[in-house]
Amino acid sequence: MRQAALIAFFFVLAVSSANADTIVLKNGRRIVASNVVEDGDRITYETAAGQMSIPKSIVARIDHDNFSYSSAETKVFAPPVSAPPIDPVRGYDEVARLTVHDNSIDFGYIAELENNARSGGAAAIEKVAATHYAAAQFLVSKGDTDAAIDHYRQALSFAPDNLGLLLNLAVLYLRGNQFTTALDTLEHARRVMPDSSPAAPDIAKLMGWAYYGANKMERAVDQWKLAQRLRPDQEVESALEKAERDKAEEESYREGETVHFALKYNGSATPDLARGILHTLEEDFRDLESQLDFSPPEQIGVILYTEQSFADITRAPSWAGAINDGRIRIPVQGLTSVTPELGRVLKHELTHSFVGQKSHGRAPTWLQEGVAQYMEGRRSASVGALLDQANQGLVPTLGALEGSWMGLSGSSASMAYAWSLAVVESIVQSGGMSDISRLLDRVGSAASTEDAVRDTLHSDYSDLQQQTIAYLRRQDVR
Ligand SMILES: [Zn+2]
-12 MRQAALIAFF FVLAVSSANA DTIVLKNGRR IVASNVVEDG DRITYETAAG QMSIPKSIVA
48 RIDHDNFSYS SAETKVFAPP VSAPPIDPVR GYDEVARLTV HDNSIDFGYI AELENNARSG
108 GAAAIEKVAA THYAAAQFLV SKGDTDAAID HYRQALSFAP DNLGLLLNLA VLYLRGNQFT
168 TALDTLEHAR RVMPDSSPAA PDIAKLMGWA YYGANKMERA VDQWKLAQRL RPDQEVESAL
228 EKAERDKAEE ESYREGETVH FALKYNGSAT PDLARGILHT LEEDFRDLES QLDFSPPEQI
288 GVILYTEQSF ADITRAPSWA GAINDGRIRI PVQGLTSVTP ELGRVLKHEL THSFVGQKSH
348 GRAPTWLQEG VAQYMEGRRS ASVGALLDQA NQGLVPTLGA LEGSWMGLSG SSASMAYAWS
408 LAVVESIVQS GGMSDISRLL DRVGSAASTE DAVRDTLHSD YSDLQQQTIA YLRRQDVR
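The C-terminal position of the sequence shown is numbered 465 in this note's numbering, with every residue numbered one higher than the one before it.
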């Protein structure tokens, strides 16, 4: 979204996050904001453009979510739970020490244990589970989720019913938005574990997240209710509340579906519009798939809201328009077909889904918004003015644009969008879209975005600033 710098998350990575609230207006419009406070006969709230206030008389209610924005503004689908640790086998510490040493994985040692397990008994198999578990933990700490998944799967080929392995693997699938794959793993775990086992509430909780991510609200609600019956939990309670709200709101909605999208809309949107949107999104999907060399593994949920005027979803001053919180939520009041403007919003929001998933939720805000604007077809305007500001040292550093833009004033937010777009344009101009693609992959596993920039573009942040200034100079036709 634009001027918005606002992305709500449905999963929480707990550290450094602020709660997001939803202000529901009497006309049905929803504003997702932080620091929502009643102040006399007005409601004040924080936005990318600074503090705003509206009369209390137009507000229907305020939903306080325990779901948070991460300050990194990434779309992280990490569930707010981690898997219970694997039952430590006797000598686990020793196995772990021999598996990971000198900051790397000893594959020779793993192979040796696997050989022993092929001829040995239960103890040898437990050791294989332990060695892969240690390797996977190490890889997760390095941000290499895909390789960690491989280790769990290899371990499961020896110990298919090992609960710790199954749950840890499911958590990684959830983080990678592979909700149906996560469900397979969790169903296996449930077959192994009866409802009376101590792990049963954890399994139900994780299944709730998987269904929620897969847009199956009803099943998510069922699982979380089960989890609450087995072992009440504050996180599940707030997740359940939100899912029930979504479910109630969407009950009267109609549905449309294509290969990559599941669309919901209510009766006042026309089926023609819904079809048009799905058609546009499928085309955008194919384009982004080839440009970014990535394909999101699961259907993406899209919800059309009709209670909000179309003007709200696009440009300032209305900052909270379309939202991508894992599902793409778009207000389409009064529209009967996909206008060019709506087309841009769809592409922009869909790009956020691609960028978020390709980078495992770790793309910084400047890269997210820069690429989303680029893909929607926006190019640097008033290059001269931007260049003047850059020459006077008035543009923000990329480091300062990595985290949340929520606190930025209106003019700073405009600058942040404009500068991020210019940086992305300069990267594309010098190395093509494949540089962006490689950068996004690297961001997913590098220690920092600047490290990823160094690895893939062979420059650091200050080189990138200089490159962008040089790019703008070439565009400047004054
Ligand atoms: Zn955006």
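Don't be surprised by glycine CBs; every beta carbon is placed ideally from N, CA and C.
Requested in this report: Flag this pair as touching only if the segment 370 to 378 and the segment 418 to 430 have three or more C-beta atom pairs under 8 Å; answer yes or no.
Outcome: No: the two stretches stay apart, fewer than three of their Cβ pairs being nearer than 8 Å.
Requested in this report: Using only alpha-carbon positions, find the residue among 337, 259, 179 that is nearest to residue 325.
Outcome: Along the sequence shown, read from residue 1 onward, the residue named residue 325 stands at position 338. Scanning 337, 259, 179 for the CA closest to the CA of residue 325 turns up 259.
Query raised in the report: With residue 337 and residue 275 assumed to form a contact (beta carbons below 8 Å), what rounded beta-carbon distance in angstroms separates them?
Result: Here residue 337 is taken as the residue at index 350 of the sequence shown, counted from 1. Here residue 275 is taken as the residue at index 288 of the sequence shown, counted from 1. Right, their Cβ atoms sit about 6 Å apart.
Query raised in the report: If you pair each beta-carbon of the segment 361 to 370 with each one of the segment 410 to 419, do three or more pairs fall below 8 Å?
Result: These segments touch.
Query raised in the report: Hey, out of 233, 208, 183, whose CA is closest to residue 194's CA?
Result: Numbered from its first residue, the sequence shown carries residue 194 at position 207. Of 233, 208, 183, the smallest CA-CA separation from residue 194 is found for 208.
Query - residue 345 classed as buried or exposed, judged by whether at least 16 other C-beta atoms fall within 10 angstroms - result: As a first step, residue 345 is located in the sequence shown; it is residue number 358 there, counting from the start. Classification for residue 345: buried.
Report task. Quick one: give me the first and last residue of the beta strand (DSSP E) that residue 281 is part of. Result -> Counting from one through the sequence shown, the residue named residue 281 turns up at place 294. Element bounds for residue 281: n/a, residue is neither H nor E.
**Report entry** residue 437 beta carbon near ligand 1 (any heavy atom closer than 6 Å)
**Finding:** Mapped onto the sequence shown, residue 437 falls at position 450. Residue 437 Cβ: outside cutoff for every heavy atom of ligand 1.
Query - Rounded straight-line distance, which links the Cα of residue 191 to that of residue 350 - result: Numbered from 1 along the sequence shown, position 363 holds the residue referred to as residue 350. Numbered from 1 along the sequence shown, position 204 holds the residue referred to as residue 191. Per the coordinates, the alpha-carbon of residue 350 lies some 30 Å from the alpha-carbon of residue 191.
Query - Alpha-carbon to alpha-carbon, residue 151 and residue 145 - result: Stepping through the sequence shown from its first residue, residue 145 is reached at position 158. Stepping through the sequence shown from its first residue, residue 151 is reached at position 164. Going from the Cα of residue 145 to the Cα of residue 151 covers about 13 Å.
**Report entry** Straight-line gap, residue 396 to residue 245 (C-alpha atoms, nearest Å)
**Finding:** The count along the sequence shown starts at 1 and reaches residue 396 at position 409. The count along the sequence shown starts at 1 and reaches residue 245 at position 258. Rounded to the nearest whole angstrom, the CA to CA distance from residue 396 to residue 245 is 39 Å.
Report task. Could you tell me which uninterrupted beta strand (DSSP E) segments, each at least 3 residues in length, are contained entirely in the segment 238 to 275, listed from first to last along the chain? Result -> Listed in chain order, they are 241 to 244, 248 to 252.
Query raised in the report: Once you ignore the five residues that flank residue 317 on each side, which residues in its own chain have a CB closer than 6 Å to its CB?
Result: Counting from 1 along the sequence shown, the entry for residue 317 is found at position 330. Contacts found: 291, 309.
**Report entry** Status (buried if at least 16 other CB within 10 Å, exposed otherwise) for residue 189
**Finding:** Position 202 of the sequence shown, counted from the first residue, corresponds to residue 189. With 16 or more other Cβ atoms within 10 Å, it is buried.
Report task. State buried or exposed for residue 455, treating a residue as buried only when at least 16 other CB atoms are found within 10 Å of its CB. Result -> Counting from 1 along the sequence shown, the entry for residue 455 is found at position 468. Its Cβ being crowded by 16 or more others within 10 Å, residue 455 is buried.
Query raised in the report: Does the beta-carbon of residue 43 have 16 or more other beta-carbons within 10 angstroms, so that it is buried, or is it exposed?
Result: Taking the sequence shown and counting its residues from 1, one reaches residue 43 at position 56. Exposed is the call here.
**Report entry** Three-state class that DSSP yields for residue 453 in the structure shown
**Finding:** Stepping through the sequence shown from its first residue, residue 453 is reached at position 466. Shown here, residue 453 sits in a helix according to DSSP, grouped into three states.
Requested in this report: Look at residue 215 and residue 223 and say whether their C-beta atoms are less than 7 Å apart.
Outcome: As a working mapping, residue 215 is identified with position 228 in the sequence shown. As a working mapping, residue 223 is identified with position 236 in the sequence shown. Yes, they are a contact pair.
Query raised in the report: Can you tell me the Cα-Cα spacing of residue 90 and residue 140, whole angstroms?
Result: The count along the sequence shown starts at 1 and reaches residue 90 at position 103. The count along the sequence shown starts at 1 and reaches residue 140 at position 153. About 22 Å.
Report task. Tell me whether the beta-carbon of residue 118 lies closer than 7 Å to the beta-carbon of residue 143. Result -> The sequence position of residue 118 within the sequence shown is 131, counting from 1. The sequence position of residue 143 within the sequence shown is 156, counting from 1. Not closer than 7 Å, so no.
Requested in this report: Classify residue 437 as helix, strand or coil using the three-state DSSP reduction.
Outcome: As a working note, residue 437 is residue 450 in the sequence shown. Helix, per DSSP.
**Report entry** Beta-carbon contacts of residue 462 that lie in its chain and below 7 Å, excluding the five residues immediately before and after
**Finding:** On the sequence shown, position 475 is the one that residue 462 refers to. Hits under 7 Å: 367, 370.
**Report entry** Beta-carbon proximity of residue 116 to residue 126, cut-off 7 Å
**Finding:** Translated into positions along the sequence shown, residue 116 becomes position 129. Translated into positions along the sequence shown, residue 126 becomes position 139. When the beta-carbon positions are compared, residue 116 and residue 126 stay at least 7 Å from each other.
**Report entry** When 416, 442, 434, 417 are compared against residue 426, the one with the closest alpha-carbon
**Finding:** For the purposes of this step, residue 426 is taken as residue 439 along the sequence shown, with counting starting at 1. The residue with the shortest Cα to Cα distance from residue 426 is 442.
**Report entry** residue 242 and residue 251 closer than 7 Å at C-beta
**Finding:** As a working mapping, residue 242 is identified with position 255 in the sequence shown. As a working mapping, residue 251 is identified with position 264 in the sequence shown. Going by C-beta atoms, residue 242 is nearer than 7 Å to residue 251.
Query - Reduced DSSP secondary structure (H/G/I, E/B, other) of residue 302 - result: Indexing the sequence shown from 1 puts residue 302 at position 315. Because residue 302 sits at a pLDDT of 32, beneath the cut-off of 50, its placement in the model cannot be relied upon, and the point is left open.
Query raised in the report: What is the rounded straight-line gap between the Cα of residue 458 and the Cα of residue 400?
Result: Locating residue 458 in the sequence shown gives position 471, where the first residue counts as 1. Locating residue 400 in the sequence shown gives position 413, where the first residue counts as 1. Taking the Cα positions, residue 458 is about 22 Å away from residue 400.
Query raised in the report: According to DSSP, what are the bridge partners of residue 291?
Result: What you label residue 291 is simply residue 304 of the sequence shown in a count that begins at 1. According to DSSP, residue 291 bridges with 252, 317.
Query raised in the report: If residue 154 sits next to residue 176, beta carbons under 8 Å apart, how far is it from one beta carbon to the other, in whole angstroms?
Result: What you label residue 154 is simply residue 167 of the sequence shown in a count that begins at 1. What you label residue 176 is simply residue 189 of the sequence shown in a count that begins at 1. So it is a contact: roughly 6 Å between Cβ atoms.
Query raised in the report: Going by other Cβ atoms of all chains shown within 10 Å of its Cβ, with 16 needed for buried, is residue 358 buried or exposed?
Result: One-based indexing of the sequence shown puts residue 358 at position 371. Taking a 10 Å sphere around the C-beta of residue 358, we find 16 or more other C-beta atoms and assign the residue as buried.
Query - Any non-hydrogen atom of ligand 1 closer than 6 Å to residue 350 Cβ - result: Translated into positions along the sequence shown, residue 350 becomes position 363. Outside the cutoff, so no.
**Report entry** Boundaries of the alpha helix (DSSP H) in which residue 43 is found, first to last residue
**Finding:** In the sequence shown, counting from the first residue as 1, residue 43 sits at position 56. Going by DSSP, residue 43 is part of no alpha helix (DSSP H) at all; its letter is neither H nor E.
Requested in this report: Alpha carbon to alpha carbon, how far is residue 174 from residue 285? Give it in angstroms, no decimals.
Outcome: Mapped onto the sequence shown, residue 285 falls at position 298. Mapped onto the sequence shown, residue 174 falls at position 187. If you take the alpha carbons of residue 285 and residue 174, they lie about 18 Å apart.
Requested in this report: Pick helix, strand or coil for residue 363, following the three-state DSSP scheme.
Outcome: Walking along the sequence shown from the start, residue 363 turns up at place 376. In the three-state DSSP reduction, residue 363 falls in the helix class (H, G or I).
Query - Rounded distance between the beta-carbons of residue 166 and residue 201, thought under 8 Å - result: Counting from 1 along the sequence shown, the entry for residue 201 is found at position 214. Counting from 1 along the sequence shown, the entry for residue 166 is found at position 179. Your pair residue 201 and residue 166 checks out as a contact, with CB atoms roughly 4 Å apart and the cut at 8 Å.
Query raised in the report: Which first and last residues belong to the alpha helix (DSSP H) in which residue 103 is found?
Result: For the purposes of this step, residue 103 is taken as the residue at position 116 of the sequence shown. First-last of the alpha helix (DSSP H) with residue 103: 94 to 106.
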